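Presented below is the structure to which this report refers.
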Amino acid sequence: MLKVLRAAFLQALLSRRIVSESESKAIFLRVCAACGLEADRDVTSQYEAFIDEIMQHLAPLGLELRSTVDQTRSEGGGVTVRAITNAKVDELSKLATPFTPLELSYIKRVVSGIVTAPDECFCVSTTEALLVARRTTPPLSKRAAEALLDRVVARGWFLQSGTGYYSLGTRAILELQMYLKAEFPDHMLLCKSCDEIVTVGLSCSVPGCDARLHRHCELRSFGPARAGANAANSTRHCPSCNKSWEPLPVGEASIGSGRKPGGQRWGASDDEEEEEQDEIDDEDDERPVSKRGRSAGANKQVAEQSDEDEEADEEEAEDAREVANELEEA
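So for the sequence shown, UniProt numbering puts the first residue at 1; every next one is plus one.
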C-alpha cells in the first residue's frame, strides 16, 4: 500500500507541476485517505518522513523533490513551494517537450537576457524580448514571439509584471537553479540567509558588499518591526559588512539605478535596436487586426498552439504515470 501511496502522490505533484507546501501536505492527506491509511496525530512528522522517503526513491531516477520559498510573496515569512525536478545540470532541456528547437533557442536567449540584465533588475521589457526574437536563426516574427511568451508565462516559467517586464518565475528558479548557476556563475546572487538564488529582494547599499537578502529572509533576520527600507536603521546591521542596513532593491524596482552599469542586455547597439524596433512597428502596421485587437493570424496561431499545449500536457501526464509506475515497482 505504501508503494501505491508514493506513486499516487508523485503523479499528483507531476500533474500540477509546482505546488505550495500547504497544497503538498493536503495532497498527502487526500492520498492517504484514498489508500485507506489513517494520518498520525503528528501529521507534520509523518508528512516530512514521507517526503524524505520520496526523495530517496526519486534519486535513482535522476529526479529530485525540491522546495524553495516564492521570493515574490513575503507575507507570513514567505510561501514554500515544491516541484519534482531533473537533477541534471542541463535542466533547460526539460522545456523542449512542448517547444520546437527554434522556440527553445529563443527562450534560452530571453533567460540569458533576464539573468544578465544590468542594475540587478533580473528582467527584460516586452520590447527587448521582442527584439531578441529577430536575432534568432531563423528570426521569429513578432506575433510568433508574443504567442510563445504567453505560453511560457502560462506554464509558470516567466512572470510578466503590470508594466510589461518579464522575469523568471518561481518554477524556473526552482527547476533550473543548477543550470542557472552553471551557465551564469558571475550573475547569480545568493541570499546571505538561506543561500538560495535572489532575483527579487534586497541588496546592501554599501559599495562592494555582496550581501543580498530575500524579503522574507529579511523579515526572519530582523523581525517584522525592523524589516523594510522605512524601518529605523540604527538597530539593523548588514549580515556581511556589519554596516547600517539601508537596503536597495533587487529586481524590477532596481531598473535605472546604475548600480551595475556593465550589465549586459542583448549585445546590440542603440542604432541597431532602433532599426529593429522600426521593423517591428512596420510589421504591426501591415498586419490585419481583429476586433479584439489581436491579428487574425495570431488568433489562429494561439488556437493551434493551445491544441499543441494540450497534447504536451497529456504527454507530461503520461510521463507522470510512467515515473509513478517505476516508483510503484521500486
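All residues carry an ideal CB built from backbone N, CA and C; glycine is no exception. Owing to the predicted nature of the structure, the values given are computational and were not obtained by experimental measurement.
CA-to-CA, the gap between C238 and A129 works out to about 35 Å. Assignment of beta-bridge partners to R82 by DSSP yields V19, S67. Under DSSP, F158 shares a beta bridge with L168. With a contact defined as Cβ atoms closer than 8 Å, S205 and L248 qualify at about 5 Å. Between E196 and the set C35, G36, S67, the nearest pair of CA atoms involves S67. Taking a 10 Å sphere around the C-beta of L2, we find fewer than 16 other C-beta atoms and assign the residue as exposed. The bridge partners DSSP lists for P60 come to none. Around Q160, the same chain offers V153, Y166 as residues with beta carbons nearer than 7 Å, after the five sequence neighbours per side are excluded.
Note: H237 is bridge-paired with S244 in the DSSP secondary-structure output. E53 is classed as exposed because its beta carbon has fewer than 16 other beta carbons within 10 Å across all chains shown.
In terms of Cα proximity to P98, the closest of D42, Y179, L148 is L148. Residue pairing of L190 in beta bridges, as defined by DSSP: I197.
Between the region 199-213 and the region 240-260 there are three or more C-beta pairs closer than 8 Å, enough to call the two in contact. By the C-beta criterion, the region 18-37 is judged to be in contact with the region 76-86, since at least 3 inter-stretch pairs fall below 8 Å. L213 has L202 as its beta-bridge partners, per DSSP. DSSP places A133 inside the alpha helix (DSSP H), whose first and last residues are 126-133. If you compare the alpha carbons of Q177, A87, A253 with that of C123, the shortest gap goes to A253. Rounded to whole angstroms, F222 and K243 show a C-alpha spacing of 14 Å.
In the DSSP assignment, S105 falls within the alpha helix (DSSP H) that extends over 101-115. Counted as a single uninterrupted DSSP element, the stretch harbouring E252 is not any alpha helix (DSSP H), since DSSP gives it neither H nor E. Taking L174 as reference, the option from E183, G164, G156, T163 with the minimal CA-CA separation is G156.
One thing to note: L63 has its Cβ within 9 Å of the Cβ of N86.
Distance from A8 to A34 at the Cβ level is roughly 7 Å; contact confirmed, criterion being Cβ atoms closer than 8 Å.
For K181, the enclosing alpha helix (DSSP H) begins and ends at 177-183.
Inclusion of L10 and I84 in the CB contact set at 9 Å is warranted, their separation being smaller than that value. By alpha-carbon distance to C194, the top candidate from D40, L5, P60, D70 is D70. Around the CB of V43, fewer than 16 other CB atoms lie within 10 Å, so the residue is classed as exposed. Less than 9 Å separates the beta-carbon of V110 from that of F158. Cβ neighbours of G251 within its own chain (closer than 8 Å, five residues either side excluded): E120, C121, F122, C123, S167, T199, V200, G201. Residue environment for L131: buried (at least 16 other C-beta atoms within 10 angstroms of its C-beta).
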